[in-house]
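**Q** In full-length UniProt numbering, the protein residues as written are 1 to 479. Got a structure for you, written out below as structure tokens; questions coming shortly.
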Amino acid sequence: ILDTKDLTIEKVVINGQEVKYTLGERQSYKGSPMEISLPIALCKNQEIVIEISFETSPKSSALQWLTPEQTSGKQHPYLFSQCQAIHCRAILPCQDTPSVKLTYSAEVSVPKELVALMSAIRDGEAPDPEDPSRKIYRFSQKVPIPCYLIALVVGALESRQIGPRTLVWSEKEQVEKSAYEFSETESMLKIAEDLGGPYIWGQYDLLVLPPSFPYGGMENPCLTFVTPTLLAGDKSLSNVIAHEISHSWTGNLVTNKTWDHFWLNEGHTVYLERHICGRLFGEKFRHFHALGGWGELQNSIKTFGETHPFTKLVVDLTNVDPDVAYSSVPYEKGFALLFYLEQLLGGPEVFLGFLKAYVEKFSYKSITTDNWKDFLYSHFKDKVDILNQVDWNTWLYSPGLPPVKPNYDMTLTNACISLSQRWITAKDDDLNSFSSADLKDFSSHQVNEFLAQMLQSMVTTLHSIEMGGSSSFGSKNGN
Numbered sequence: 001i002l003d004t005k006d007l008t009i010e011k012v013v014i015n016g017q018e019v020k021y022t023l024g025e026r027q028s029y030k031g032s033p034m035e036i037s038l039p040i041a042l043c044k045n046q047e048i049v050i051e052i053s054f055e056t057s058p059k060s061s062a063l064q065w066l067t068p069e070q071t072s073g074k075q076h077p078y079l080f081s082q083c084q085a086i087h088c089r090a091i092l093p094c095q096d097t098p099s100v101k102l103t104y105s106a107e108v109s110v111p112k113e114l115v116a117l118m119s120a121i122r123d124g125e126a127p128d129p130e131d132p133s134r135k136i137y138r139f140s141q142k143v144p145i146p147c148y149l150i151a152l153v154v155g156a157l158e159s160r161q162i163g164p165r166t167l168v169w170s171e172k173e174q175v176e177k178s179a180y181e182f183s184e185t186e187s188m189l190k191i192a193e194d195l196g197g198p199y200i201w202g203q204y205d206l207l208v209l210p211p212s213f214p215y216g217g218m219e220n221p222c223l224t225f226v227t228p229t230l231l232a233g234d235k236s237l238s239n240v241i242a243h244e245i246s247h248s249w250t251g252n253l254v255t256n257k258t259w260d261h262f263w264l265n266e267g268h269t270v271y272l273e274r275h276i277c278g279r280l281f282g283e284k285f286r287h288f289h290a291l292g293g294w295g296e297l298q299n300s301i302k303t304f305g306e307t308h309p310f311t312k313l314v315v316d317l318t319n320v321d322p323d324v325a326y327s328s329v330p331y332e333k334g335f336a337l338l339f340y341l342e343q344l345l346g347g348p349e350v351f352l353g354f355l356k357a358y359v360e361k362f363s364y365k366s367i368t369t370d371n372w373k374d375f376l377y378s379h380f381k382d383k384v385d386i387l388n389q390v391d392w393n394t395w396l397y398s399p400g401l402p403p404v405k406p407n408y409d410m411t412l413t414n415a416c417i418s419l420s421q422r423w424i425t426a427k428d429d430d431l432n433s434f435s436s437a438d439l440k441d442f443s444s445h446q447v448n449e450f451l452a453q454m455l456q457s458m459v460t461t462l463h464s465i466e467m468g469g470s471s472s473f474g475s476k477n478g479n
């Protein structure tokens, strides 16, 4: 039985023999189950070849087709996929669950003026022997992955080499800017390898998509998809790349068994991401971002409501579309738990040792929260008394904020608060005392935090006008 959604099935052949199949009744967001009748009884470990001829639908929930007018170049159409969480079934019949992993190879025929890329290693290109106006691109992914990591893009794409194992791809209008913006990718990869173990995927390319791409980034193996909104011009949004790189270990290599345990993917990935940024920009920066994440968690829980089941770390998605439950909760509540455990069990280096062992233990597998917790207790067998002090039931299975708030270094945040308080309490005739020098030592992230603090306060219209019209507050980073 395979998952399908909005597919037209033409025929099914097993070992050269056409066989019967049935498509079940459509079940809302799940699509239609496809049941294939086997012509013979199979023995354990017996292999068969199943060939399915099918077509996708223009309304496929996994594929976005852009007209030339919707692209930067305005000359050619553009196609990209987004399969997470359960949309791969709208591209091909499959077992569309993260509990099943597979390898794949593909040949993609496209008009010769376009380029095809997939979440796999590029195996070459050649003219299409059946149509001289087209070209065939070949791909292979030899590391087992869940279906949601199958990805495809077709467009008028160019690339630039930005590292020994990294090309950045985009339409030519953004390719130089993209190459500059993501030039630190190799440094991040090396740090991630130090933290998580060897990078086993071979190539790590980046693809900058058109603005309609719905996420900041998507960790498709060998080809991370990113939004063009990251092209800030000052590399200030590179933490998104650190996040997607981290998924190469937590998420892609060690995967949540079901979407109920999505926090295993995202909580560990945020934890790795912030360690990468901490190595690059300092431990205070790691804490600054961690505290910002706590604020995002508070906002998400406020939006849902403190008793909403989607604010649990481990959720019950029985008959619930995973897309409906998507929020920052698995990211930031998951990170908060790991950050809390780091502080409880001996500090960053101690807990990073656990993380590397966790990746080594569960690589190529799909796991549950119980698997994670059992291994945590096994790894810290000399600290079971400490682990038993954790309110596991509240952390994992209760809605709302966590039972404990981790400790944060407030140095960088306090600088933002201090400057915002100066503005908030300033009299009108004090405004000339402010200048761009006040922001000289701020990172772009601190500028954002300072502005957020201002927006949360009742700043007078006059102060806002003065702030925008003087002191170069809006132009520190050239944006």
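C-beta: ideal position from N, C-alpha, C; glycine also. Keep in mind that this is a model prediction, so the values were computed, not measured.
Thinking C-alpha only, which one of Leu195, Cys147 and Pro210 is nearest Glu173?
**A** Measuring from the Cα of Glu173, the nearest candidate turns out to be Pro210.
**Q** On the criterion of 16 or more Cβ atoms from any shown chain inside 10 Å, does Pro93 qualify as buried, or is it exposed?
**A** buried
**Q** Shortest alpha-carbon distance to His261 belongs to which of Ala62, Leu455, Asn371 and Asn299?
**A** Asn371
**Q** Could you tell me which uninterrupted beta strand (DSSP E) segments, each at least 3 residues in length, are contained entirely in the UniProt domain "Aminopeptidase N-like N-terminal" (1-149), listed from first to last along the chain?
**A** 2-4, 8-14, 17-19, 21-23, 32-36, 50-55, 63-66, 78-81, 101-111, 115-118, 121-127 and 134-146
**Q** Identify, in the order they occur along the chain, each residue of the same chain with its Cβ nearer than 6 Å to the Cβ of Ile50, setting aside the five sequence neighbours on each side.
**A** Ile14.
**Q** With DSSP run on the structure shown, which of helix, strand or coil describes Gln161?
**A** strand
**Q** Taking the beta carbon of Ala336 as the centre, do at least 16 other beta carbons fall within 10 Å, making it buried, or is it exposed?
**A** buried
**Q** Assuming Ser183 contacts Ile162 under a Cβ cut-off of 8 Å, what Cβ separation, rounded to an integer in Å, is found between them?
**A** 5 Å
**Q** Let me confirm a value: Leu455 is counted as buried when at least 16 other C-beta atoms fall within 10 Å, else exposed. Which label applies?
**A** exposed
**Q** Since Trp294 sits in a beta bridge, which residues does DSSP pair it with?
**A** Trp294 is not bridged to any residue.
**Q** Identify, in the order they occur along the chain, each residue of the same chain with its Cβ nearer than 6 Å to the Cβ of Tyr271, setting aside the five sequence neighbours on each side.
**A** Phe335 and Leu338
**Q** For Ile136, I'd like the list of residues in its chain whose CB is within less than 6 Å of its CB, leaving aside the five on either flank, ordered along the chain.
**A** Glu107, Ser109, Ala126 and Asp128
**Q** Judging by CA-CA distance, which residue of Phe304, Ala242, Tyr364 and Phe80 is the nearest neighbour of Leu280?
**A** Ala242
**Q** Compare the Cα-Cα distances from Asp321 to each of Phe285, Ser246, Gln27 and Leu223 and report the closest residue.
**A** Gln27
**Q** Determine the burial state of Gly233: buried for a count of at least 16 other Cβ atoms within 10 Å of its Cβ, exposed for fewer.
**A** exposed
**Q** Give the secondary structure of Lys476 by DSSP, where H, G and I count as helix, E and B as strand, and everything else as coil.
**A** In this prediction, Lys476 scores a pLDDT of 41, lower than 50, which makes its location untrustworthy; the coordinate-derived value is nonetheless stated afterwards. DSSP places Lys476 in coil when its eight states are reduced to three.
**Q** Among the residues of its own chain, which have a CB less than 7 Å from the CB of Ala345, if the five just before and after it don't count?
**A** According to the sequence shown, residue 345 is Leu rather than Ala. Phe351, Phe380, Lys383 and Ile386.
**Q** DSSP puts Thr255 in a beta bridge; with which residues?
**A** Ser366
**Q** Determine which residues share a DSSP beta bridge with Val208 and list them.
**A** Val226
**Q** Are at least three pairs of beta-carbons, each pair with one atom in the segment 190-197 and one in the segment 211-227, less than 8 Å apart?
**A** No: the two stretches stay apart, fewer than three of their Cβ pairs being nearer than 8 Å.
**Q** Counting along the chain, where does the alpha helix (DSSP H) carrying Leu272 start and finish?
**A** Phe262 to Phe281
**Q** Which residues in the same chain have their Cβ closer than 7 Å to the Cβ of Ser105, if we skip the five residues on either side of it in sequence?
**A** Phe139 and Ser140
**Q** Go ahead and pull the three-state DSSP assignment for Thr460.
**A** Note on Thr460: pLDDT 43, under 50, position unreliable in the model; the coordinate value appears next. DSSP places Thr460 in coil when its eight states are reduced to three.
**Q** Report the rounded CA-to-CA distance for Phe80 versus Asn388, giving the unit in angstroms.
**A** 47 Å
**Q** Do the CB positions of Gly400 and Thr250 come within less than 8 Å of each other?
**A** no
**Q** Could you please give the first and the last residue of the uninterrupted alpha helix (DSSP H) stretch that includes Leu396?
**A** Trp392 to Tyr397
**Q** Could you check the C-alpha separation between Phe375 and Tyr358 for me, to the nearest Å?
**A** 7 Å
**Q** Is DSSP giving Thr411 helix, strand or coil here?
**A** helix
**Q** According to DSSP, simplified to helix, strand and coil, what is Gly334?
**A** helix
**Q** Relative to the C-alpha of Ala62, which residue among Ser53, Lys30 and Lys74 is closest?
**A** Lys30
**Q** From Val329 to Leu253, what distance separates their C-alpha atoms?
**A** Distance between the alpha carbons of Val329 and Leu253 is about 22 Å.
**Q** Can you tell which of Ala452, His287, Trp201 and Ser398 has its C-alpha closest to the C-alpha of Ser248?
**A** Trp201
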